[in-house]
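Residue numbers (the UniProt record's numbering): 1 to 226.
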Amino acid sequence: MIELVNVSKTFSDGHKALKNINIKIDNGEFVFLVGPSGAGKSTLIKLLLKEIDPDQGNIIINGKDVTKLKRREIPYLRRNIGVVFQDFRLLQEKTVYENVAFAMEVVEASPKEIRRQVPIILSLVGLSKKSNLYPSQLSGGEQQRVSLARAIVNGPSILIADEPTGNLDPDTAWEVMKSLNEINHRGTTVLMATHAKDIVDAMRKRVIAIENGTIARDDKKGGYGI
Ligand SMILES: Nc1ncnc2c1ncn2[C@@H]1O[C@H](COP(=O)(O)OP(=O)(O)OP(=O)(O)O)[C@@H](O)[C@H]1O
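Pasting the structure below:
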């Protein structure tokens with residue numbers, strides 16, 4: 001579960017990026033985070049990952065108050081939250097398989113576990129046949145699905161996607177949404193920040209709209225606009 005209680009963030013230049021935010025997201029939910037550019041979406045994501053700290057309020061993830069985590073505990077928080085970005089961030093010199101396996105190697109999974117798990121996850125995102133190709137040999141949608149596979153291969157309970165379809169054409173964007181939906185159906189909580197109006201309107205998931213650092217709207221089966 002993700003819970004933000006009275007969270008505010010003011011940057012050092014005095015800009016109030018988030019003002020007294022309260023959000024509760026249950027396990028297994030799929031939530032779109034929408035709002036105009038500069039509204040505070042990325043700031044909220046950075047707070048969840050503890051890349052920055054709030055100047056007021058509490059952020060509770062799976063029962064732990066992340067604002068109180070010690071520096072050495074942060075890797076454990078991040079291990080429980082998979083993240084994908086607009087620009088994929090794949091390792092170009094590694095194949096699809098190796099990109100996903102690498103995420104397991106860094107958390108010291110055994111070679112046996114890696115050999116078992118990577119094909120399962122590549123199949124989940126529909127990339128079994130592409131496992132020996134390099135990122136440059138893939139379409140944008142395929143690259144983003146590798147990035148999704150890498151984000152979930154260690155079994156995080158939460159997946160954060162920051163504009164995951166921002167660089168994709170409508171068809172490939174939908175391939176990525178299909179994978180995200182499947183990941184969600186397997187039980188992972190998904191939080192996706194996006195400007196993709198068509199996708200938000202079509203999926204009818206929970207929509208939290210941020211405007212000017214405050215929550216303008218929180219609809220159970222919402223659309224992009226009002
Ligand atoms: N380190 C910083 N110092 C000062 N101001 C910042 C900092 N980071 C972000 N901001 C400001 O905080 C506000 C919220 O930014 P944020 O990146 O969270 O917006 P966003 O909703 O993610 O926008 P976008 O949709 O364009 O990604 C913006 O006005 C931004 O300029």
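The beta carbon of each residue, even a glycine, is placed where N, CA and C say it ideally should be.
- Runs of the alpha helix (DSSP H) lying entirely within the region 104-159, each at least 4 residues long, are 111-124, 140-152 in chain order.
- Here the alpha carbons of Gly213 and Gly14 stand approximately 13 angstroms from one another.
- When Lys94, Lys46, Phe32 are compared, the shortest CA-CA separation from Val7 is found for Lys46.
- Between the alpha carbons of Pro54 and Asn132 lies a gap of roughly 43 angstroms.
- Setting aside the 5 residues that flank it on each side, Arg89 is surrounded in the same chain by Ser147, each with a C-beta closer than 8 angstroms to its C-beta; the list follows chain order.
- In chain order, Leu168, Thr172, Glu175, Val176 place their CB closer than 6 angstroms to the CB of Gly141, counting only its own chain and leaving out the 5 sequence neighbours on each side.
- When distances are taken from the beta-carbon of Thr214 to the heavy atoms of ligand 1, even the shortest one reaches 7 angstroms or more.
- In the displayed model, Ile59 falls within a strand according to three-state DSSP.
- 8 angstroms or more divides the Cβ of Thr194 from the Cβ of Phe85.
- Closer than 7 angstroms to some heavy atom of ligand 1: that does not describe the Cβ of Ala109.
- Between Glu182 and Leu138, the beta carbon gap of about 19 angstroms keeps them out of contact (Cβ cut-off 8 angstroms).
- Ile208 is bridged by DSSP to Leu33, Asp218.
- For Asp87, same chain residues with a beta-carbon under 7 angstroms away, outside a window of 5 residues either side, are Asn167 in chain order.
- Judged by the Cβ position, Lys41 qualifies as a neighbour of ligand 1 at the 7 angstroms threshold, a heavy atom of the ligand being closer than this.
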